[in-house]
Amino acid sequence: MRTIDESHFYTRDMKPQARPDAIIQGDVYRFTVLTSRMIRLEYAADGQFEDRPTQTVFNRDFPVPAYRIVENEEELQIITEHVHLHYTKGPFAANTLYIDVLGNFSTYYSRYTFGGPLRTLKGTARTLDHADGVIPLEEGIVSRQGYAAIDDSNAFVLTEDHFVEPRRSGTHDIYYFGYGHDYKQALRDFYHLTGPTPMLPRQVLGNWWSRYWRYSEKEYKDLMTRFKTEDIPFSVSVIDMDWHVTDIPERYGSGWTGYTWNRDLFPDPRGFLQWLKDDDRMVTLNLHPADGVRGFEEAYEAMAVAMGVDPESDVRIPFDFSDRTFIENYFTKLHHPHEADGVDFWWIDWQQGANSKMKGLDPLWMLNHYHALDIARDGNRPLIFSRYAGPGSHRYPVGFSGDTIISWASLQFQPYFTATASNIGYGWWSHDIGGHQRGEKDDELSTRWLQYGVFSPIMRLHSTMSIFNGKEPWRYSTDAANVMKKYLQLRHQLVPYIYTMNARNHFDGLPLVSPMYYEHPEDDQAYNVPIQFYFGTELIVAPMVTPMHRKLHMTATTAWLPEGEWFDFFNGHRYRGGKQIRLFRYLEDQGVLAKAGAIVPLGRHLEQSNALHNPEDLEVVVFPGASNRFTLFEDDSTGVAHRDGVNVETTFALDWEARELTIAAPTGHRDLLPENRSITLILRGVREGYVQRDGESVTGVYDHATQSLRVELGEVTDTITLSLQVEISTNENKMDRLYAFLDQAEISYDLKDRLYRLLSQKLDPVNMMHQLQALELEKDLVDCLLELMLS
1 MRTIDESHFY TRDMKPQARP DAIIQGDVYR FTVLTSRMIR LEYAADGQFE DRPTQTVFNR
61 DFPVPAYRIV ENEEELQIIT EHVHLHYTKG PFAANTLYID VLGNFSTYYS RYTFGGPLRT
121 LKGTARTLDH ADGVIPLEEG IVSRQGYAAI DDSNAFVLTE DHFVEPRRSG THDIYYFGYG
181 HDYKQALRDF YHLTGPTPML PRQVLGNWWS RYWRYSEKEY KDLMTRFKTE DIPFSVSVID
241 MDWHVTDIPE RYGSGWTGYT WNRDLFPDPR GFLQWLKDDD RMVTLNLHPA DGVRGFEEAY
301 EAMAVAMGVD PESDVRIPFD FSDRTFIENY FTKLHHPHEA DGVDFWWIDW QQGANSKMKG
361 LDPLWMLNHY HALDIARDGN RPLIFSRYAG PGSHRYPVGF SGDTIISWAS LQFQPYFTAT
421 ASNIGYGWWS HDIGGHQRGE KDDELSTRWL QYGVFSPIMR LHSTMSIFNG KEPWRYSTDA
481 ANVMKKYLQL RHQLVPYIYT MNARNHFDGL PLVSPMYYEH PEDDQAYNVP IQFYFGTELI
541 VAPMVTPMHR KLHMTATTAW LPEGEWFDFF NGHRYRGGKQ IRLFRYLEDQ GVLAKAGAIV
601 PLGRHLEQSN ALHNPEDLEV VVFPGASNRF TLFEDDSTGV AHRDGVNVET TFALDWEARE
661 LTIAAPTGHR DLLPENRSIT LILRGVREGY VQRDGESVTG VYDHATQSLR VELGEVTDTI
721 TLSLQVEIST NENKMDRLYA FLDQAEISYD LKDRLYRLLS QKLDPVNMMH QLQALELEKD
781 LVDCLLELML S
């Protein structure tokens, strides 16, 4: 099987054999102390244990932690720094095997018993198809109780010739995680066990255009040209199923499966693909492979000969991913020719269940695994677009969450669903942003969904086959369209920051999006804001997911601000942390907050361009209040990534006490950077001031509305240290913002005047709250005023 044998991306780094010193073994049991908090639990009546990799587990080679054994003929105890295992020798059962987490990390009961229920903080689910809001989620690897477990007993093993075979029946193979509340370390060790998330190509992190629509080549090119004219960037073109022939003779069955371009719509497929790529887009085509290969396909003759079928017979060649020969020919005959023409990766839209000819083998997992291997065969980064197929699926990004229903309930669930998926390591969900089907036209909902999409892992607009249901911004009101355009541009500007988090996910095992409790595991408040999440290291997002207050023209969300100081990412408004607060935002605003000291590198917006190269003009947004370091990661975005590979890093170090910002000279392969890179410093959330470079003031422009000082530094090739002659904002512009709010609010003029006079008095917080309460105003109005005046 040439395709599989030559694909070494996953297999080359597999180390499935645990170190001998980590193993405690008896006649029918085996325990492997992988870390001081992770233990493999095996039972086999025949004494035969499994050392090969499985669908989930690739690497059991961990440094052996310190542990001790207490044992007699009836009982075995294994004690590490963090956990204590008790085993009464014999078959595994609730009364023979249990493990305690040591230490007073939690008030929750922290004993795992074999076969007992798990109460984790959840993981993810296979699909959001037909979901209108909340759905049940599978378990994850972190829990407030301090323990979790993955049952690998039924996973297929990977053989030396890169195929799979079922496990022997009657065995138990469980991985116990006793990490207390050290959620991030649990995730890092999970990635070590199962394999890292690959680096995504840079273009994948921009905007994707996707629509279930019967485009012609001309219509699609006209649409892409209009996007460019409207200055709306897209870096990935998703061509849904009608790229291939769908109107087929009745004897062949459904037209959903296909591998032959519809030349009535696309007369020159290679030229069409090249046109898209010349305009800086990657291309993915949709697949529904369930119906195999039928006689009308252009590749039928080659496939039939390869499969030993008479090409004249017109006999359907069934889809069978339990057949090695079929897998080999599936790629070489059906997919490689399209890839040679310009297809970058495949959208594997498998919806036919989890059964195959090999009992217990999930064809979705097989498709994901072998497509990722195959696309990486020439040193490319493994990249597919497919559904989740269980723990370990993070090795096969990107995830397709299915056909989302258009509703506020769907939007409200997606931030929680996405962040919680990190609890099983699945960090690159792609949703149908804006919703796929049903629902009704709602400009506000569509705008809020798009804004959330910009701060989600993958930004892919999508809609179903309806002449009325499209996500082109010009289909909406002028206000909505302008906001959509602004945020689609912002997503491309954010790529330097997101790409650095892409590297962090690959190398350090921390996803772009994560729940608040990762950073604040001992604070109950972190568990009570399910739709709020960290977006990388510098930002938290509390998305707007409910309709606006029609009189106030604002949407509200409840956010929890951890201890410290926080700043609105867009206007620099300063908030004191350690509390819950209701955030109010106009349609053009999203709830994005930067921590004190945050450093966020952006690319400058390139007009009428889809390009996402390492930017020639870098804008670095810096927030005051704390010292911090941020290292920008850049590479060529093509080959397999290595920490010490072909990349370049630029470190920005803020010493807030000294009021200094150091921009280090880039290290590594500087030839990857543009020849003349210029850097613009944006100090946001500061009072008016200036910046000195080499003792001389650098001209800057201060924007009162965003409390930002913008300083053009020009080309920076060597290390420089800037003196920041600025102070942290005290929200000096809040009276301007109060006036703007009251001017727009649909309340009585007398009340507007009274509120403006009252709040102009600079009352202390307690007095202000009493005064507002005495007016007997509605709660949303009071909360909005308090956010403006008391933050």
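All residue numbers for the sequence shown refer to full-length UniProt numbering, where the first residue is 1 and numbers rise by one.
Note that the Cβ used here is the ideal one computed from N, Cα and C, for glycine as well.
Along the stretch 45 to 100, the alpha helix (DSSP H) does not occur as any fully enclosed run of 4 or more residues.
With three or more CB-CB distances shorter than 8 Å, the stretch 192 to 209 counts as touching the stretch 226 to 237. For a cut-off of 8 Å, the C-beta gap from A186 to V142 is around 5 Å, short enough to register as a contact. Counting along the chain, the unbroken alpha helix (DSSP H) around Y370 starts and ends at 363 to 375. Just measuring C-alpha positions, the residue of V343, H192, K228 sitting nearest F272 is V343. By the CB criterion at 7 Å, T194 and V398 fall outside the cutoff. A straight line joining the alpha-carbon of I79 with that of I69 spans about 6 Å.
By the Cβ test, the stretch 416 to 423 is in contact with the stretch 122 to 137, since at least three Cβ pairs between them sit closer than 8 Å. Between P473 and K485, the C-beta gap is smaller than 7 Å, which places the two residues in contact.
For M459, the enclosing beta strand (DSSP E) covers residues 459 to 461. The beta carbon of K15 sits closer than 6 Å to the beta carbons of N59, D61 from its chain, once the five residues preceding and following it are set aside; these are given in chain order.
DSSP places H338 within a helical segment (H, G or I) once states are collapsed to three. Measuring C-alpha to C-alpha distances from G700 to each of V716, L681, R460, L742 identifies L681 as the nearest. Taking 7 Å as the cut-off, the beta carbon of N647 is found no closer than this to the beta carbon of D655. With three or more CB-CB distances shorter than 8 Å, the stretch 309 to 317 counts as touching the stretch 291 to 299. Scanning D323, F49, V33 for the CA closest to the CA of H84 turns up V33.
Around the beta carbon of V766, a 10 Å sphere encloses fewer than 16 other beta carbons of the protein chains shown; the residue is thus reported as exposed.
DSSP places L383 in the coil class of the three-state scheme, outside both helix and strand. Here G427 really is in contact with N505; their C-beta atoms are around 6 Å apart, less than 8 Å. Residues M224, S237, V283, G342 of the same chain have their beta carbon placed closer than 8 Å to that of L276, with the five preceding and five following residues left out of the count. Take the alpha-carbon of A596 and the one of R687: they are about 15 Å apart. As computed with DSSP, G399 is found in a beta bridge with S386, W429. Three or more beta-carbon pairs drawn from the stretch 358 to 369 and the stretch 383 to 395 are found closer than 8 Å, and the two stretches are therefore classed as touching. Judged by their CB atoms, H549 and D743 are not nearer to each other than the 7 Å cut-off. Contact between the stretch 172 to 180 and the stretch 89 to 105 is present: 3 or more CB-CB pairs across the two stretches fall below 8 Å.
A distance below 6 Å between beta-carbons, with the five flanking residues on each side excluded, links Y212 to the following residues of its chain, in chain order: D240, T464, M465. With contact defined as three or more Cβ pairs closer than 8 Å, the stretch 708 to 717 and the stretch 578 to 598 are not in contact.
Pairing A559 with H573, the inter-Cα distance amounts to about 15 Å. Of the residues assessed, A148 falls on the buried side of the cut-off, its CB having 16 or more other CB atoms within 10 angstroms. Nearest to D479 by alpha-carbon distance, out of P20, Y499, D589, is D589.
In this structure, the CA atom of Q274 is about 11 Å from the CA atom of A340. Counting of Cβ neighbours within 10 angstroms places R30 among the buried residues, the total reaching 16 or more.
Contact between F569 and L593 holds, since their C-beta atoms are separated by about 6 Å, short of 8 Å. Taken through DSSP and simplified to helix, strand or coil, I327 comes out as helix. Each residue's CA atom was taken as its position, placing S169 and A664 some 58 Å apart.
Distance from the CA atom of Y476 to the CA atom of R214, rounded to whole angstroms, is 22 Å.
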